Amino acid sequence: MKVISYEKFGSATEVLKVQEIELQKPRQEEVVVKLKYSGVNPSDAKARAGNRPGVTRPEYSLVVPNSDGSGVIEEVGSNLDKSLIGKRVWLRNGQWKRPFGTAAEYITIAVENIVEMPSKMTFQEGATMGIPGLTAAHGIFGTGEVIGKTLLISGGGGAVGHLAIQLAKWGGAKVIATGSKSSAEPILNFGADYFFDYSSDKLVSQINEVVPDGVDRVIEVEFGLNLNWIHNVLKPNGTIAVFGSAKEMNPIIPFGPYLFKAIKIDIFLIYILPVKERKIAINYLHSAYEQKALKPKIDSIFKLEDCDKAHDRTLTKGRKGAVLLEI
Ligand SMILES: NC(=O)c1ccc[n+]([C@@H]2O[C@H](COP(=O)([O-])OP(=O)(O)OC[C@H]3O[C@@H](n4cnc5c(N)ncnc54)[C@H](OP(=O)(O)O)[C@@H]3O)[C@@H](O)[C@H]2O)c1
């Protein structure tokens, strides 16, 4: 089968190569999925570039990148029911602690990483459910229902952020979202009640003005850049659900203000979200989708051979939604 692969860390154009490799037979609890789309995320590009903390070389001699995807089950392992064959699925963790991800014509993967898609979900949409979808759902609902709550979604125009806004509104929350100036219109169209420019020096007073009692939960994409002010808009005992801090990976927390509001910092990594929470997140995603409250936005679709361009696109400022490879 045709795959995109790399053997060493480096820039996308330098290290990603088109290659033929043999498709692995499924083990007892594995399925073979014929892929329709590969979902490409910043995490895939950072892993290929060698930017994961403490990792100096690829864990495998050959890596097929990208963890998300969608397709149709074509073969199942001996412990699995043959009725799975033909099911339309999205999948997660394709290239997490294993070498062969979704930048490929097929993937052989444990059945626990496969999720049957709602009947109306398209393959493009399915390929956005793994990293962006689960992150948004856990970010919003990680401490339970949000009806009547006030949430601050940082970076509401992003691949994760725009799904988070839609889920929060569907869940009955009041939503304040931040973004750069150019993302005001899409953020309000995704359903946010208020938009504020994250670079404004009046941000705290603007948020305090519309929610004088503070917000219950912040869903934070750039923790290191924002931690010096978010405690000023949080209620006592509020939570910051942190999923990103790419621009400042060594944040220094102002402990006093955090302590005296007893702020909870809930850092999570979607690859290792415990099964119970993952099932809850999937349920929220599918329910919102089936009720037409969730519409993933696709920024761009590349050919498999242009995986390098897709990787670079995930790290380009101003992208609006998911980046996919059409297989
Ligand atoms: N922990 C996890 O499991 C997990 C899961 C998913 C993603 N992530 C990480 O989360 C980050 C975002 O992923 P993504 O796919 O959503 O990327 P994305 O589509 O590029 O979104 C990033 C968003 O952050 C916004 N932003 C930039 N600076 C900001 C600031 N100072 N304050 C608030 N928002 C700011 C951007 O807004 P503008 O474009 O308007 O400037 C953009 O909307 C990446 O670092 C990714 O690796 C982590």
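Everything in the sequence shown is counted per our numbering, starting at 982 for the first residue and increasing by one. Positions of the beta carbon are idealized from the N, C-alpha and C atoms, including for glycine. Treat the numbers as computed from the prediction; the structure is a model and nothing was measured.
Straight-line Cα distance separating residue j from residue i
i, j, result
"Asn1074", "Asn1189", "39 Å"
"Leu1179", "Asn1207", "Residue identity check: residue 1179 is Tyr in the sequence provided, not Leu. So the two alpha carbons sit approximately 9 Å from each other."
"Gly1195", "Ala1222", "16 Å"
"Glu1166", "Ala1091", "41 Å"
"Pro1039", "Gly1219", "39 Å"
"Leu1169", "Glu1307", "30 Å"
"Lys1228", "Val1202", "10 Å"
"Val1304", "Thr1116", "16 Å"
"Ser1106", "Ser1024", "First, the residue type needs correcting, since residue 1106 is Glu and not Ser in the sequence shown. Taking the straight line joining both Cα atoms gives about 19 Å."
"Val975", "Leu1072", "Only positions 982 to 1308 of the chain appear in this structure, which leaves residue 975 out of reach."
"Gly1153", "Leu1184", "24 Å"
"Tyr1018", "Gln1076", "15 Å"
"Arg1294", "Gly1120", "24 Å"
"His1143", "Phe1204", "18 Å"
"Tyr1239", "Ile1248", "15 Å"
"Gln1187", "Leu1266", "31 Å"
"Lys1273", "Met1110", "15 Å"
"Val1192", "Leu1132", "10 Å"
"Gly1172", "Ile1002", "45 Å"
"Asp1331", "Met982", "Here the chain has residues from 982 to 1308 only, and residue 1331 is not among them."
"Val1199", "Val1141", "14 Å"
"Asp1049", "Pro1277", "14 Å"
DSSP beta-bridge partners of residue i
i, result
"Asp1049", "Gly1020"
"Val1092", "Note: Val1092 sits in no beta bridge, so no partner."
"Gln1005", "In the DSSP output, where bridge partners are listed per residue, Gln1005 has none listed."
"Ile1248", "Val1223"
"Arg1069", "Val1053"
"Pro1157", "Just to set this straight, residue 1157 is Ile in the shown sequence, not Pro. Answer is Leu1133, Tyr1175, bridged to Ile1157."
"Val1036", "Answer by DSSP bridge pairing: none, since Val1036 is not bridged."
Three-state secondary structure (DSSP) of residue i
i, result
"Asn1074", "coil"
"Lys1027", "helix"
"Glu988", "coil"
"Tyr1087", "strand"
"Gly1310", "Look at the range of the chain in this structure, 982 to 1308, and you will see that residue 1310 is not part of it."
"Arg1198", "strand"
"Gln1105", "helix"
"Phe1283", "strand"
"Asp1174", "coil"
"Ala1165", "helix"
"Asn1264", "helix"
"Lys1015", "strand"
"Pro1277", "coil"
"Glu1327", "This structure cannot speak to residue 1327, because the chain is shown only from 982 to 1308."
"Leu1115", "helix"
Residue i classed as buried or exposed, judged by whether at least 16 other C-beta atoms fall within 10 angstroms
i, result
"Gly1052", "buried"
"Arg1033", "exposed"
"Thr1006", "Per the sequence shown, residue 1006 should be read as Lys rather than Thr. Exposed, since its Cβ has fewer than 16 Cβ neighbours within 10 Å."
"Ile985", "buried"
"Ile1088", "buried"
"Gln1147", "buried"
"Glu1010", "exposed"
"Gly1129", "exposed"
"Lys1260", "exposed"
is_contact[residue i, chain D] using C-beta, thresh 7 Å
i, result
"Thr1131", "No chain D is part of this structure, which consists of one protein chain only."
Count Cβ pairs between the segment 1232–1249 and the segment 1094–1105 that sit closer than 8 Å; are there 3 or more? no
State whether the segment 1200–1216 contacts the segment 1238–1258, with contact taken as three or more CB pairs (one from each stretch) at a distance under 8 Å. yes
Is the segment 1049–1065 touching the segment 1120–1131 in the sense that three or more CB pairs, one from each, lie closer than 8 Å? no
How about the segment 982–998 and the segment 1276–1292: do they share at least three Cβ pairs that are nearer than 8 Å? yes
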